[in-house]
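First up is the structure itself, then whatever we jot down about it.
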Amino acid sequence: MVFLNIGNPKITPKFIALCLFLSVVTLAGCLSGMQTTTTATQTATDEAASDAETETPTALAELQISTPKTNYTVKEAIPLELNIQNGKFDLLVPFFSVATKGAFTQITVKDANGQTVKPKHAITQENPQKYVPNEGKTVRCIQGFELKASANEELKFKDIQKYYQLQPGTYTVTLSIELEVYTESLTEEHPEIRELKQDMARIQKDPNLQGAAKQDALNYYQEQLKFIQERHKDTAKAIYLPVKSLRGKASLISNSITVTVEPEAEPPTGQIPSQTPSGINKSDPAPPNESLSIKDIVARRAADWVAPKYKTKVDAKYPKRAKEAEKGGRVTLQVTIDENGIPQNIVALTNLGFGLEEAAIEALKNSTFHPAMKDGKPISNQVKIPYEFAIVGDNAP
282 MVFLNIGNPK ITPKFIALCL FLSVVTLAGC LSGMQTTTTA TQTATDEAAS DAETETPTAL
342 AELQISTPKT NYTVKEAIPL ELNIQNGKFD LLVPFFSVAT KGAFTQITVK DANGQTVKPK
402 HAITQENPQK YVPNEGKTVR CIQGFELKAS ANEELKFKDI QKYYQLQPGT YTVTLSIELE
462 VYTESLTEEH PEIRELKQDM ARIQKDPNLQ GAAKQDALNY YQEQLKFIQE RHKDTAKAIY
522 LPVKSLRGKA SLISNSITVT VEPEAEPPTG QIPSQTPSGI NKSDPAPPNE SLSIKDIVAR
582 RAADWVAPKY KTKVDAKYPK RAKEAEKGGR VTLQVTIDEN GIPQNIVALT NLGFGLEEAA
642 IEALKNSTFH PAMKDGKPIS NQVKIPYEFA IVGDNAP
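Read in this note's numbering, the sequence shown has 605 at position 324, and its numbers run on one by one without any break.
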């Protein structure tokens with residue numbers, strides 16, 4: 282035995298050799314155990330990665346385009362229909378991405394040789410930004426849209442021939458959308474509600490009001506707030522997306538469709554075409570041998586289309602805080618007047634602040650119109666409408 286006396290061990294060369302041997306054995310065992318654990322962990326990770334690779338990823342959304350028929354003449358309108366099938370998540374996306382024109386800004390047309398056809402002019406859709414009040418601050422936003430899970434959005438584009446001058450031949454058409462996804466949304470409060478809340482905040486901080494007087498004032502404003510909220514509960518509220526809440530983008534590509542453009546049929550020899558020249562009414566009393574002047578043609582074409590007009594015009598109320606700050610100017614709104622003369626999709630193109638844009642939007646919402654007319658039929662039409670806010674001395678509104 283090495284240890285002859287436990288209380289007083291004697292260190293010998295054999296003792297040192299034994300200690301070294303035990304240390305080596307122990308270290309080897311530890312390294313072996315660590316290597317086994319690492320290998321097992323790596324194997325599990327590899328299996329998980331392998332499983333992930335075999336899963337089919339769920340598409341964020343799918344695009345499906347179609348057209349009513351496959352053959353068109355050179356001068357015939359070629360409409361497109363788009364179906365956006367959302368996936369299993371609710372998405373907050375920019376409004377212009379799913380608007381009638383905005384969704385079609387990235388059309389690709391290729392001829393029979395695979396060459397991309399350049400458009401006469403690009404399809405564009407404005408995406409204005411505005412500052413939306415939120416918790417005492419203003420947040421830079423764009424107008425948004427909530428794309429519900431599994432929802433279908435159907436959009437129609439009237440005529441791609443207006444942008445692509447397609448000669449006779451066969452073409453393939455595809456569509457792509459760079460869909461931005463945001464994580465936050467804000468709903469703009471009605472100007473009256475926002476003004477009441479600001480008044481309540483001032484009362485809370487007013488050092489001259491104490492106890493029961495302050496509480497009575499707050500109770501009064503609270504009742505007014507409930508009344509206005511109830512009055513405007515059915516009003517459609519626009520969604521706004523804070524620019525800083527952009528989460529990422531998804532590239533969506535549609536299916537491909539084939540369209541054939543055929544030359545316009547020539548009338549048989551010796552016959553006069555039955556169609557009437559564009560812009561000239563069949564009932565025009567002009568003599569057969571008398572040519573119309575440019576002025577006559579322009580006047581008659583103008584008569585075929587009538588711009589929307591006010592039916593009832595509501596003037597914008599000058600915001601109190603804008604008057605106090607002596608702020609004014611011109612607010613420009615973009616709006617679509619639908620076939621019934623109702624203003625839709627109102628967007629402010631200016632950012633004067635102090636509640637001026639909100640006041641103009643509220644006035645426009647409460648106005649009604651005679652819709653635009655084309656060939657005697659009401660049509661939807663997008664227009665820009667200015668509102669002037671001017672303070673002149675003590676007679677300011």
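We put the beta carbon where it would ideally sit given N, CA and C, even for glycine. None of the values given here were measured: they were computed from a predicted structure.
Helix, strand or coil: how does DSSP classify F635 here? F635: coil per DSSP, three-state reduction.
What does the alpha-carbon distance come out to for the pair P652 and D497? For P652 and D497, the distance between alpha carbons rounds to 48 Å.
Check this for me: beta carbons of V540 and T351, under 8 Å apart or not? With a cutoff of 8 Å on beta-carbon distance, V540 and T351 are scored as near each other.
Hey, quick one: how far does the alpha helix (DSSP H) through K604 stretch, first residue to last? Looking at the DSSP string, the run of the alpha helix (DSSP H) that includes K604 is K601 to E605.
Cutting at 7 Å between CB atoms, please list the residues of its own chain near A358, excluding the five before and the five after it. Excluding positions up to five away in sequence, the list reads K439, D440 and Q442.
Got a sec? Which residues, its chain only, sit under 6 Å from E362 by beta carbon, not counting five neighbours each side? Excluding positions up to five away in sequence, the list reads S347 and K437.
If you draw a straight line from the C-alpha of N433 to the C-alpha of T455, how long is it? Approximately 19 Å between the Cα atoms of the pair.
Beta-carbon within less than 6 Å of S564's beta-carbon, same chain only, minus the 5 sequence neighbours each way: which residues are those? With a pLDDT of only 42 at S564, under the threshold of 50, the placement of this residue in the model should not be trusted; the figure read from the coordinates follows. In its own chain, leaving out the 5 sequence neighbours on each side, no residue places its CB closer than 6 Å to the CB of S564.
Return the first residue and the last residue of the beta strand (DSSP E) that L436 is part of. Annotation: the continuous beta strand (DSSP E) that includes L436 extends over N433 to F438.
Please list, in chain order, all residues of the same chain as L645 whose beta carbon is under 7 Å from its beta carbon, the five residues on each side excluded. Around L645: L614, V616, P624, I627 and I666.
Where I672 falls: helix, strand or coil (DSSP): DSSP places I672 in the coil class of the three-state scheme, outside both helix and strand.
Among residues of its own chain, excluding the 5 on either side of L428, which ones have a beta-carbon nearer than 6 Å to its beta-carbon? In its chain, beyond the 5 residues on either side, N367, L372 and V374 have a beta carbon closer than 6 Å to the beta carbon of L428.
How should Y690 be labelled, buried or exposed, when 16 other C-beta atoms within 10 angstroms of its C-beta is the threshold for buried? Absent from the structure is residue 690, since the part of the chain shown begins at 282 and ends at 678.
Do P600 and I618 have their C-beta atoms closer together than 8 Å? No. Outside cutoff.
What span of residues does the beta strand (DSSP E) with F650 cover, start to end? It spans T649 to H651 - the beta strand (DSSP E) in which F650 sits, taken as one unbroken run.
Give every residue of the same chain whose Cβ lies closer than 6 Å to the Cβ of V420, excluding the five residues on either side of it in the sequence, and list them in chain order. In the same chain as V420, and ignoring 5 residues on each side of it, the C-beta atoms closer than 6 Å to its own belong to V413 and P523, in chain order.
Hey, how far is the Cα of A583 from the Cα of A403? Residue placement at A583 is poorly supported in this model, since its pLDDT is 48, which falls under 50; the coordinates still yield a value, given next. Between A583 and A403, the alpha-carbon positions lie close to 26 Å from each other.
Which partner residues of F426 appear in the DSSP bridge assignment? Looking at the DSSP assignment, F426 forms a beta bridge with V374.
7 Å Cβ shell around A384 - same chain, five flanking residues per side excluded: In chain order, L363, S378, L436 and I458 place their CB closer than 7 Å to the CB of A384, counting only its own chain and leaving out the 5 sequence neighbours on each side.
Return the CA-CA distance between D332 and K401, expressed in angstroms with no decimal places. Unreliable placement is indicated for D332, whose pLDDT of 40 sits below 50; no coordinate value is reported for it.
So if DSSP puts N621 in a beta bridge, which residue, or which two residues, is it bridged to? None, per the DSSP bridge assignment.
Outcome for K658 when other beta-carbon atoms lying within 10 angstroms are tallied against a minimum of 16: By the C-beta density criterion, K658 is exposed, having fewer than 16 other C-beta atoms within 10 angstroms.
Would you check if the distance between the CB atom of K704 and the CB atom of N647 is smaller than 8 Å? Outside the shown range of the chain, which is 282 to 678, sits residue 704, and nothing can be said about it.
With a cut-off of 8 Å on the beta carbons, I'd call R528 and Y463 a contact; round off their distance for me. R528 to Y463, Cβ: 6 Å. Contact.
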